[in-house]
Each structure stands twice: as structure tokens, then as C-alpha cells.
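I have placed the structure first, in the form of C-alpha cells, so that the comments after it can refer back to it.
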Amino acid sequence: MRLAAGRYNRSRAANTLDRRRSVVFAMGVAFLSAATFGVASAYASTPVRGMPGDRWADVVVGQPEFGQITPNQVTARRLFNPGGVIVDRSVRPARVYVYDGGNSRVLGLSHLGHVAGGPDAGRPCTSDSDAPGSFCLIDQGRGADLVLGQPDFTHSGCNGDGNFQTYPVRLPASAATLCTMPVDQLSPLEGGSFAEMAVDPASGDLYVPDFDNHRVLRYRSPFMSDAIADSVWGQGDFAGNACNRGRGVGAPDARSLCFRSPFNQGFVAGVALDPDGNLWVADNQNNRVLRFPRDAVTGLPAHVADLVLGQGDFGSWMPGVALDRMWAPAAVRVDADGDVYVADSLNGRILVFERPLSSGMVATRTLGSGFRLPTGLEFDPGTGGIWVSDRLNNQLLLFVNGHVSKVLFKDVEDDGGTCGGAYVGDGANFFSPGDNAFKASYNVCDSAGSIGIDADNNVLVAGSSFVQDVWRFPSPLPDPRPGFAHSADARLFPPYQFATHNEIGLAGIYSARGVAVAQNQLIVADSGRLLFWNRPHDLRSGRPADGFVGEADRRVEFPPSFGRIRNDGQGRLWAIRGKAVLVYQLPLATDDKPILTLTAPIPVLGGGELSWADSLAIGGIAPNRDGTAVWLADPRRHRVFRIRDPLTLPVVDVVLGQTNLAVMACNEGRGLGAPTRDSLCDPGAVVLDRHGNVWVSDHALEFEGNNRLLEYDANLFRHPSTTARFGIPATRVFGTGGSFAGPSCQDALCGPWEPAFSVHGQMVVGLNGVIGSRFPLVYDDPLSSDRPDGTLNDFHSMAYAAAFDNRGNLYVADLNRDRVLVYWRPFAP
Numbered sequence: 000m001r002l003a004a005g006r007y008n009r010s011r012a013a014n015t016l017d018r019r020r021s022v023v024f025a026m027g028v029a030f031l032s033a034a035t036f037g038v039a040s041a042y043a044s045t046p047v048r049g050m051p052g053d054r055w056a057d058v059v060v061g062q063p064e065f066g067q068i069t070p071n072q073v074t075a076r077r078l079f080n081p082g083g084v085i086v087d088r089s090v091r092p093a094r095v096y097v098y099d100g101g102n103s104r105v106l107g108l109s110h111l112g113h114v115a116g117g118p119d120a121g122r123p124c125t126s127d128s129d130a131p132g133s134f135c136l137i138d139q140g141r142g143a144d145l146v147l148g149q150p151d152f153t154h155s156g157c158n159g160d161g162n163f164q165t166y167p168v169r170l171p172a173s174a175a176t177l178c179t180m181p182v183d184q185l186s187p188l189e190g191g192s193f194a195e196m197a198v199d200p201a202s203g204d205l206y207v208p209d210f211d212n213h214r215v216l217r218y219r220s221p222f223m224s225d226a227i228a229d230s231v232w233g234q235g236d237f238a239g240n241a242c243n244r245g246r247g248v249g250a251p252d253a254r255s256l257c258f259r260s261p262f263n264q265g266f267v268a269g270v271a272l273d274p275d276g277n278l279w280v281a282d283n284q285n286n287r288v289l290r291f292p293r294d295a296v297t298g299l300p301a302h303v304a305d306l307v308l309g310q311g312d313f314g315s316w317m318p319g320v321a322l323d324r325m326w327a328p329a330a331v332r333v334d335a336d337g338d339v340y341v342a343d344s345l346n347g348r349i350l351v352f353e354r355p356l357s358s359g360m361v362a363t364r365t366l367g368s369g370f371r372l373p374t375g376l377e378f379d380p381g382t383g384g385i386w387v388s389d390r391l392n393n394q395l396l397l398f399v400n401g402h403v404s405k406v407l408f409k410d411v412e413d414d415g416g417t418c419g420g421a422y423v424g425d426g427a428n429f430f431s432p433g434d435n436a437f438k439a440s441y442n443v444c445d446s447a448g449s450i451g452i453d454a455d456n457n458v459l460v461a462g463s464s465f466v467q468d469v470w471r472f473p474s475p476l477p478d479p480r481p482g483f484a485h486s487a488d489a490r491l492f493p494p495y496q497f498a499t500h501n502e503i504g505l506a507g508i509y510s511a512r513g514v515a516v517a518q519n520q521l522i523v524a525d526s527g528r529l530l531f532w533n534r535p536h537d538l539r540s541g542r543p544a545d546g547f548v549g550e551a552d553r554r555v556e557f558p559p560s561f562g563r564i565r566n567d568g569q570g571r572l573w574a575i576r577g578k579a580v581l582v583y584q585l586p587l588a589t590d591d592k593p594i595l596t597l598t599a600p601i602p603v604l605g606g607g608e609l610s611w612a613d614s615l616a617i618g619g620i621a622p623n624r625d626g627t628a629v630w631l632a633d634p635r636r637h638r639v640f641r642i643r644d645p646l647t648l649p650v651v652d653v654v655l656g657q658t659n660l661a662v663m664a665c666n667e668g669r670g671l672g673a674p675t676r677d678s679l680c681d682p683g684a685v686v687l688d689r690h691g692n693v694w695v696s697d698h699a700l701e702f703e704g705n706n707r708l709l710e711y712d713a714n715l716f717r718h719p720s721t722t723a724r725f726g727i728p729a730t731r732v733f734g735t736g737g738s739f740a741g742p743s744c745q746d747a748l749c750g751p752w753e754p755a756f757s758v759h760g761q762m763v764v765g766l767n768g769v770i771g772s773r774f775p776l777v778y779d780d781p782l783s784s785d786r787p788d789g790t791l792n793d794f795h796s797m798a799y800a801a802a803f804d805n806r807g808n809l810y811v812a813d814l815n816r817d818r819v820l821v822y823w824r825p826f827a828p
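Start counting the sequence shown at 0; every next residue gets the next number (numbering that gives the first Met the number 0).
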């Protein structure tokens with residue numbers, strides 16, 4: 000799972016919230032079927048928003064418009080899961096291109112800095128050889144000069160629509176777009192792709208694998224022409240976007256490519272140009288490498304391959320381990336002698352094919368050993384060697400004459416699969432102003448894709464994981480020495496806070512965890528802060544928040560994380576943050592502090608006390624209208640409880656899901672698969688409807704629990720008692736076909752999140768996209784029927800929290816797509 004490792008230490012519950020974007024890469028990116036979505040026809044409809052009762056969202060906050068799903072704010076200064084960097088040494092100063100895999104774009108920098116002194120002071124430069132008599136001072140964080148694949152630096156949508164608004168058919172690609180993040184990506188934080196790019200050293204033309212469009216694009220010297228692609232391979236035209244030209248997995252030919260499939264193996268595609276001008280493509284999901292020969296008439300590679308490596312013919316695709324087979328090849332490079340090097344990623348090896356070349360040939364030899372998912376290759380002009388990005392060993396290795404000569408990210412070659420180790424850097428560490436701390440400048444983990452080498456043999460690498468940046472490692476590189484790793488000396492896109500994705504600000508959301516509307520404010524729980532928008536009825540898409548609380552600076556988000564939030568009827572906001580319950584006076588103003596903090600343990604009516612786990616951060620909260628009671632859902636202790644008089648003399652007087660204080664196990668100790676009317680297993684949300692009925696989502700992150708929704712009638716809790724009451728049976732159950740003991744997911748409701756109730760009693764509830772529908776369910780009268788009457792129309796990842804205001808407007812927080820969708824009166828006639 001690609002987490003922001005090293006950003007800060009977290010509790011297990013906080014880690015669970017940040018793992019919300021699904022499970023491991025091999026599972027959590029299990030798309031509806033990226034390989035089989037075809038090109039939209041000329042009649043594929045896009046939403047017509049703004050009609051009363053249309054159940055399409057009318058406004059989105061946290062994103063600039065409906066087509067985007069990426070975290071925080073997309074800018075020219077920051078990256079999101081970058082997947083490769085390459086240097087165009089055909090010009091001076093050299094240009095740099097970065098594959099910004101999470102943002103469906105390639106960023107270009109015309110230069111990296113300026114001449115520090117002398118007669119040329121201030122002139123653009125990329126390396127010291129551009130500054131005779133002086134040196135090149137890198138302008139860290141100045142941002143990119145050029146963007147490919149997007150209309151501007153603030154957009155990130157796949158083919159202009161990353162949000163799958165035309166479900167189940169994707170929008171077509173075009174010469175102006177890229178798609179490196181699937182439209183159905185369940186977990187964008189863990190998504191994106193990586194690429195081994197290529198530059199024609201004679202012309203400066205850039206070749207880019209467009210991963211989720213299953214094609215390779217050529218941009219004619221982008222800084223000298225435009226940002227529109229000029230040639231395409233793998234598709235019949237620029238509109239094509241499907242695996243193997245729409246035939247799907249298992250149906251390749253000499254013209255087609257398939258980079259991503261439902262199997263999700265590899266995540267890297269590569270291109271190369273050989274000295275003769277032939278184009279080579281590492282065709283990831285077809286488990287092969289293709290050669291497209293140079294056309295003598297056009298001077299460009301032809302669109303039909305004439306040679307295949309890794310398969311016996313152009314129609315075969317199955318992976319294999321023999322030396323004439325491949326498994327998710329990620330990168331390819333061809334040396335001056337015409338020998339072909341292939342990073343055969345899932346076989347953990349580098350294959351070398353020496354001339355004479357023929358289709359289906361056995362690799363002549365292998366290079367090195369002990370690799371774990373090698374995903375990048377680049378020749379080193381200074382030594383004639385070849386760099387290998389050994390991704391899961393978290394190291395970059397330079398092979399010269401078949402032996403490791405240099406090592407980056409580690410002190411010495413280490414095939415143990417670890418990130419970091421017992422060593423220090425040989426240079427200064429990087430200062431992170433948002434953290435007010437120094438961060439290691441030598442440790443990069445999860446680096447994949449292209450490796451950049453500039454004119455002075457400085458090495459540029461893109462790091463996802465906790466780096467989220469491009470670092471430069473200066474030449475000359477030292478020989479490997481135990482205890483000392485070579486340090487980077489510059490960052491191209493440094494974050495204000497270490498390890499952040501894109502740029503934190505008031506217009507973006509990192510993780511929409513809770514939503515409330517009260518006192519003429521929309522309030523959103525966003526990881527380490529609460530954002531608020533004044534006058535929510537005047538909202539427009541992309542409008543920045545008017546303020547925030549919970550942090551001292553709008554550019555940072557620190558733990559503990561906020562969870563769900565809810566307002567009472569007395570002008571107070573109740574919020575979960577870590578293991579605490581915070582109460583704020585509304586309306587909020589920037590820098591406001593809580594008026595009350597509730598922490599465990601809490602006395603229990605009749606004796607004893609109750610504590611809760613840090614999993615409260617992924618639980619729920621529901622105060623009653625006058626604030627004289629608050630309900631909390633504690634997932635990992637498998638109970639929901641009510642605290643009476645929380646503002647004055649808090650005491651627990653009701654516990655649902657357990658028979659006594661000592662029991663804290665799933666389904667009262669019987670375990671998963673044995674639910675009853677009075678048991679709970681990982682309850683993740685609790686809500687009070689307008690009648691005072693208690694609704695419990697018996698399901699929590701990642702996809703734990705009984706996967707059902709329970710309702711407890713209000714009259715069950717109105718009788719006074721002198722001791723706490725335990726194990727009260729639920730009144731209604733949803734998602735099981737009406738059986739309290741039966742299996743879940745028997746109808747459309749499967750893995751429910753927090754429900755919301757309109758003034759007229761309609762219910763909307765989102766589902767866990769791993770096991771349930773991507774469209775929130777609508778119930779016209781849930782107290783009369785346990786079957787949904789329809790859905791909202793917008794495609795979601797995790798419609799994790801929701802709330803109605805008093806006007807009947809609906810606000811849905813999509814945990815993974817980092818946004819809140821606003822529906823103006825979705826139940827209007």
C-alpha cells in the first residue's frame with residue numbers, strides 16, 4: 000500500500016483512515032474493469048446538472064470542478080505520486096520532464112535554476128556546465144513551465160473527466176489529454192501509474208506512455224511547438240482509450256498495447272528510441288516488448304510492430320518465467336550496439352537481448368540479481384553503464400561492466416527489501432518549514448519509472464511514497480561506503496509540509512471525513528483540520544473555504560486526525576479528533592478553539608467506567624438536538640454507547656452491541672458471521688433521524704463488520720433507568736433481506752457508511768466501494784421499507800459521511816475523492 004510513510008507517526012486508527020483509499024495496490028485498485036471500458040460514442044451523455052430533483056450534484060467543494068478526484072490543490076509547484084523524470088540533453092540548458100502519475104499530466108521545466116554570479120548571473124541553467132566561471136543555483140520550488148495532458152496547471156482529470164461522469168462508458172481520449180489515473184480508481188491516494196519516457200536526442204521530441212489510454216504519444220519538441228500530441232501508437236486514432244484497441248485483455252496484435260488491466264500487475268509502462276530511430280515499447284499487460292521500426296518516408300516509427308520479445312508471436316500475451324517470456328515488463332533501453340535491456344518487473348530481473356534480434360528469441364543473458372520489481376532503466380553517459388531502479392529494494396544501482404558501481408538511496412547494495420537503514424547521508428538534510436524539522440535527504444522509497452541524467456551526470460529521481468517530489472543527487476557520485484549514503488542536494492517541487500500530496504490550501508481537501516451544515520456554515524472534517532464555508536447556499540464549485548480550525552497554518556495538516564462531525568440544535572459542533580470528542584461553538588471563525596473536550600474514561604451509570612479505543616477516529620458521533628446526550632460508535636470494541644449530560648456531568652447510560660462492560664468482541668464474542676438482533680461488529684457510524692431514532696452502520700473501515708444497517712426506535716431509550724442498559728435489540732435491519740441473523744449484502748445495501756435523513760424522512764446512504772455500489776442509495780421511506788428506491792447519479796469512491804440542511808439540500812463527503820458534493824433539493828418534485 001502506497002502510504003505517506005515517514006510523514007509522521009500515527010496511531011493504528013489514524014493509519015486506518017489514511018488507508019481508507021482501499022487495500023493493497025494489488026487489490027484496492029480493483030477497478031470495475033479499466034481494460035474493458037470502451038471509447039464513448041458520439042452520443043455518450045454527460046450530466047445535465049441544475050434541474051430540481053435530478054439527483055446530480057450541483058456544486059463540488061474541495062475540487063475545482065466535477066472532473067477531478069485528486070487530493071489537495073493541483074498546482075505547478077507540487078506533484079502527486081510522480082512516476083518518472085527524464086532530461087532532454089539535446090539543448091542547453093537541458094529541459095526536464097516529470098511524469099506526474101497521480102495528476103494525469105507531464106510537467107516540463109525549461110531549466111532548473113539560474114547562474115549564480117559573473118557576467119551571466121541570472122541566466123537560466125540546469126547544471127554547472129551551463130555556468131562557466133560560476134555555478135547553477137537550483138531554484139527549488141519555482142514550479143513547472145509547461146504542462147502536457149491538462150488545460151492548465153490546476154487540473155488533473157483523466158481525459159478531462161477523472162470522475163466517471165459518463166459511467167459506464169469512459170470519455171474518449173484526445174491529442175490534448177492524458178490518463179494516468181483510472182476514472183474508477185477506488186483509492187486515488189494509492190493510484191496513478193509510472194512511466195519510462197524517452198527523448199529523441201536529435202529533435203527533442205518527447206515520447207510518453209499514456210498508461211490508462213493504452214497508447215504512446217509523441218510530442219514534437221514541446222517547448223518549441225505546443226502541448227498537443229503529434230503521433231500515437233497503440234490506438235487507431237487519438238480518441239482510442241481501451242486495452243488492445245477495445246478487444247480487451249488477451250487479444251493483442253502488432254498494432255495494439257495494453258498497459259493496465261483488471262489484474263493490475265506492474266503499474267509501469269516504458270518506451271525507448273534506439274540509435275536507428277526505432278521505437279521500443281514495454282507493453283506491460285501483454286507481457287512483451289514491441290519494436291516499431293522507423294519509417295524511411297516519414298522519418299518516424301511506423302505504427303505496426305515488426306518484432307516482439309517476451310512472446311512467440313504478436314497474438315500471444317500470457318506471462319512466463321522462461322528467458323523467452325516476460326511478466327509485466329516495465330522499462331526498455333537500447334544501447335549503441337543495438338542490445339536491448341528490459342526490466343522484467345514481476346520476474347525480478349533485467350533481461351539483455353543481443354544482436355541479431357528476432358521475435359520470440361531467448362534472452363542472451365541477465366544483468367545483476369536480487370531485484371525486487373525493477374521498474375526503471377537509463378544509460379549513464381559518464382561511465383557507459385546502466386542505472387536500474389530496484390523499486391521494492393528501494394535503491395538505485397549503477398551497473399558498469401556487469402557489476403554494481405554506484406548506489407543511491409542506500410549506503411551499499413541491499414537486496415533485503417527494506418526502506419532506509421542504519422546509515423546517514425554525506426550531505427545536508429532538507430529542511431521542512433511546515434514540520435519545522437529536517438528530513439533525510441538521502442532516503443527515497445518507492446521510486447519507479449524514468450531516471451534523469453543531466454549534462455553533468457547529476458541524477459534526478461522521482462519519488463512517490465513519502466517523497467512526493469523530484470530530487471537531484473549531485474555528481475560526482477561516491478563509491479558505496481558502509482554507513483554513508485549519498486545525499487541529494489536539491490528538490491524541484493519541495494512541499495511546505497513533508498510528504499504531502501499536491502499542495503495543501505483552502506481550496507482543496509485531502510480527505511473528506513465528516514460534514515455538517517449549521518449556523519449558515521458548511522463544515523467539513525479534513526484530516527487535521529476543520530474547513531468551513533460561510534453562506535453555503537451561495538456556494539459555487541471550487542470556492543475556497545472561508546476559514547479553518549484545528550491547525551495554526553492553512554498549509555499543514557497534522558495528527559491526530561478529525562473523524563466524523565455533527566451539529567446539535569443549540570449552535571454547537573461535535574467533532575471526533577483522534578480519541579477525543581471536541582465541542583465547538585458555532586459559527587466557526589479561524590483559530591477558534593473547542594469549548595469542551597471529552598476524553599475517556601467516562602463513568603457508567605450504576606458503577607464502573609467506559610473507555611474507547613483510538614478507533615473512535617473511524618467511528619461515529621451523534622448528539623441529540625439539545626446537546627444533553629451524545630452517541631459514539633466505537634468500532635474496534637464493537638459497541639455504540641450514549642453519554643448523558645456530556646456538557647456537565649457525563650455518564651454512560653446505554654451500551655448497544657454488548658451485554659456488559661467486560662465484553663468488547665465482535666458479535667458479543669461469537670465472531671464475524673454470527674450476528675444477532677442485539678449484537679454489533681465494527682460499527683462505524685451512528686446517526687439520529689428527526690424522530691430521534693438511532694441508526695447504526697454495522698460496518699467500518701477498511702471493510703470490517705456485519706455490513707448491515709440497523710435502526711433502533713426512539714422509544715427504546717426514553718424510559719429512565721438507574722443503571723446503564725446493555726444489548727438493546729434493534730428494531731429494523733437493512734441489507735440482509737430482513738433477517739437479523741442472516742448474511743449481509745442480500746440486496747443493494749452492502750457496507751453502509753453514515754446515513755443522512757431529509758426533513759421529510761428520506762434516507763441517503765453511501766456504501767463501501769470495495770464491496771458495495773459506487774452510487775449512494777436512496778430510500779423514500781426507510782421506516783416502511785428496507786429496499787432502496789433508487790440512487791444518486793454521481794459516481795463515488797466512498798460516500799463516507801452525509802448531511803441534509805433544513806432546506807432539504809444534501810451534502811455528501813466522498814472520503815477517497817477528496818470532495819463534498821452538494822445536491823440542491825434532490826427530492827424536489
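Positions of the beta carbon are idealized from the N, C-alpha and C atoms, including for glycine.
Rounded C-alpha distance that separates Pro831 from Pro649: Residue 831 is absent from the structure shown; the chain starts at 0 and stops at 828.
Can you say whether Ile594 is buried or exposed, counting buried as having 16 or more other CB atoms within 10 angstroms of its CB? If you number the sequence shown from 1, residue 594 lands on position 595. Answer is exposed; the Cβ neighbour count stays below 16.
Residue ranges of each beta strand (DSSP E) within the region 242-311, 3 or longer: 267-272, 278-282, 287-291 and 306-308
Grouping DSSP H, G and I as helix and E and B as strand, with all else coil, what is Glu502? The residue labelled residue 502 in the question sits at position 503 within the sequence shown. Three-state result, Glu502: strand.
Whose C-alpha, out of Pro781, Arg528, Arg824 and Ala447, is nearest the C-alpha of Gly265? What you label residue 265 is simply residue 266 of the sequence shown in a count that begins at 1. With distances taken between Cα atoms, Gly265 lies closest to Ala447.
Taking the DSSP output, what are the residues bridged to Gly100? Reading the sequence shown from its first residue, position 101 is the one you call residue 100. Answer by DSSP bridge pairing: none, since Gly100 is not bridged.
Is Leu31 helix, strand or coil when you go by DSSP? The residue labelled residue 31 in the question sits at position 32 within the sequence shown. Low local confidence applies: a pLDDT of 34 at Leu31 is under 50, so the model's placement there is unreliable, and no value is given.
Could you tell me which whole beta strand (DSSP E) segments of length 3 or greater appear in the region 48-135? 58-60, 84-87, 94-99, 104-108 and 112-114
Residue environment, Gly314, which counts as buried when at least 16 other CB atoms sit within 10 Å: Along the sequence shown, read from residue 1 onward, the residue named residue 314 stands at position 315. By the neighbour-count rule (16 or more Cβ atoms within 10 Å), Gly314 is not buried but exposed.
How far does the beta strand (DSSP E) with Gln584 in it reach, from first residue to last? Against the sequence shown, residue 584 aligns to sequence position 585. Taken as a continuous stretch (DSSP letters only), the beta strand (DSSP E) holding Gln584 covers Ala579 to Gln584.
Would you report the Cα separation of Cys744 and Gly768, rounded to the nearest angstrom? Taking the sequence shown and counting its residues from 1, the one referred to as residue 744 is at position 745. Taking the sequence shown and counting its residues from 1, the one referred to as residue 768 is at position 769. So the two alpha carbons sit approximately 13 Å from each other.
Which residues in the same chain have their Cβ closer than 6 Å to the Cβ of Asp282, if we skip the five residues on either side of it in sequence? Against the sequence shown, residue 282 aligns to sequence position 283. Taken in chain order, the residues that qualify are Leu256 and Leu289.
Please return the same chain residues whose Cβ sits closer than 6 Å to the Cβ of Gly132, not counting the five positions on each side in sequence. Within the sequence shown, the letter at position 133 stands for residue 132. Cβ neighbours of Gly132 beyond the five flanking positions: Gly117.
Measure from the C-beta of Leu631 to each C-beta in chain D and report whether the shortest distance is under 8 Å. Looking for chain D here will not work: only one protein chain is present.
Under a Cβ-count criterion, where at least 16 other Cβ atoms within 10 Å of its own Cβ denotes burial, should Asp354 be classed as buried or exposed? Sequence index remark: in the sequence shown, residue 354 carries index 355 (1-based). Looking at the sequence shown, residue 354 is not Asp but Arg. Arg354 should be labelled exposed.
What is the residue span of the beta strand (DSSP E) that Ile575 lies within? The residue given as residue 575 occupies position 576 in the sequence shown. Element bounds for Ile575: Arg571 to Arg576.
Quick check on DSSP: helix, strand or coil for Pro535? For the purposes of this step, residue 535 is taken as the residue at position 536 of the sequence shown. In the structure shown, Pro535 sits in a helix (DSSP, three-state: H, G or I).
I'd like to know whether the C-beta atoms of Tyr583 and Phe483 end up nearer to each other than 8 Å. Within the sequence shown, the letter at position 584 stands for residue 583. Within the sequence shown, the letter at position 484 stands for residue 483. The answer is no: Cβ separation not under 8 Å.
Does the beta-carbon of Lys409 have 16 or more other beta-carbons within 10 angstroms, so that it is buried, or is it exposed? Looking up residue 409 in the sequence shown gives position 410. Its Cβ being crowded by 16 or more others within 10 Å, Lys409 is buried.
Beta-bridge pairing of Ser388 - partner residues as DSSP gives them: As a first step, residue 388 is located in the sequence shown; it is residue number 389 there, counting from the start. According to DSSP, Ser388 bridges with Gly375 and Leu395.
Just checking Gly121 against the ligand ZN - is the residue's beta carbon closer than 7 Å to any of the ligand's heavy atoms? For the structure depicted, the ligand ZN is absent and the ligand set is empty, with no information on it obtainable.
Using the C-alpha atoms, what's the distance from Gly451 back to Ala487? Residue numbering aside, residue 487 sits at position 488 when the sequence shown is read from its first letter. Residue numbering aside, residue 451 sits at position 452 when the sequence shown is read from its first letter. Their backbone Cα atoms lie some 13 Å apart in a straight line.
Taking 8 Å as the threshold (C-beta atoms), are Arg122 and Ser832 in contact? Within the shown structure, residues of the chain are numbered from 0 to 828, placing residue 832 beyond reach of any answer.
Cross-strand partners of Gln761 (DSSP beta bridge): Along the sequence shown, one-based indexing puts residue 761 at 762. Its beta-bridge partners do not exist; DSSP assigns none.
Which term fits Thr417, buried or exposed, when burial requires 16 or more other beta carbons within 10 angstroms of its beta carbon? Along the sequence shown, read from residue 1 onward, the residue named residue 417 stands at position 418. Exposed: under 16 other Cβ atoms inside 10 Å.
Looking at Gly420 and Asp413, is the spacing between their C-beta atoms short of 8 Å? The count along the sequence shown starts at 1 and reaches residue 413 at position 414. The count along the sequence shown starts at 1 and reaches residue 420 at position 421. Result yes, Cβ atoms of Asp413 and Gly420 sit closer than 8 Å.
For Thr499 and Asn71, which I take to be in contact (beta-carbon distance under 8 Å), what is that distance rounded to the nearest angstrom? On the sequence shown, residue 499 is found 500 positions in, with the first residue counted as 1. On the sequence shown, residue 71 is found 72 positions in, with the first residue counted as 1. So it is a contact: roughly 7 Å between Cβ atoms.
For Gly704, which three-state DSSP category applies? Sequence index remark: in the sequence shown, residue 704 carries index 705 (1-based). It is a strand residue.
Which residue or residues does DSSP assign as beta-bridge partners of Gln520? Residue numbering aside, residue 520 sits at position 521 when the sequence shown is read from its first letter. Per DSSP, Ala517 and Asn533.
With C-beta atoms as the reference, is Arg364 less than 8 Å away from Val351? Along the sequence shown, read from residue 1 onward, the residue named residue 364 stands at position 365. Along the sequence shown, read from residue 1 onward, the residue named residue 351 stands at position 352. Contact flag set, yes.
Assuming Gly49 and Ala827 are in contact, meaning their beta carbons sit under 8 Å apart, how far apart are those beta carbons, in whole angstroms? The residue labelled residue 49 in the question sits at position 50 within the sequence shown. The residue labelled residue 827 in the question sits at position 828 within the sequence shown. Actually they are not in contact, since the Cβ atoms of Gly49 and Ala827 sit about 12 Å apart, beyond 8 Å.
Exposed unless 16 or more other CB atoms sit within 10 angstroms - verdict on Cys773: Translated into positions along the sequence shown, residue 773 becomes position 774. Residue identity check: residue 773 is Arg in the sequence provided, not Cys. It counts as buried.
Would you check if the distance between the CB atom of Gly606 and the CB atom of Thr721 is smaller than 8 Å? In the sequence shown, residue 606 corresponds to position 607, counting from 1. In the sequence shown, residue 721 corresponds to position 722, counting from 1. No; because the gap between Cβ atoms is not below 8 Å, this pair is not in contact.
Taking the CB atoms as reference points, tell me whether Tyr799 and Pro787 lie closer together than 8 Å. Stepping through the sequence shown from its first residue, residue 799 is reached at position 800. Stepping through the sequence shown from its first residue, residue 787 is reached at position 788. No. Outside cutoff.
Mapping the DSSP letters down to three states, classify Asn566 as helix, strand or coil. On the sequence shown, position 567 is the one that residue 566 refers to. Asn566 falls in the strand class under three-state DSSP.
In the DSSP assignment, what are the bridge partners of Trp867? Summary: the structure shown does not reach residue 867, with the chain confined to residues 0 through 828, and so no result is reported for it.
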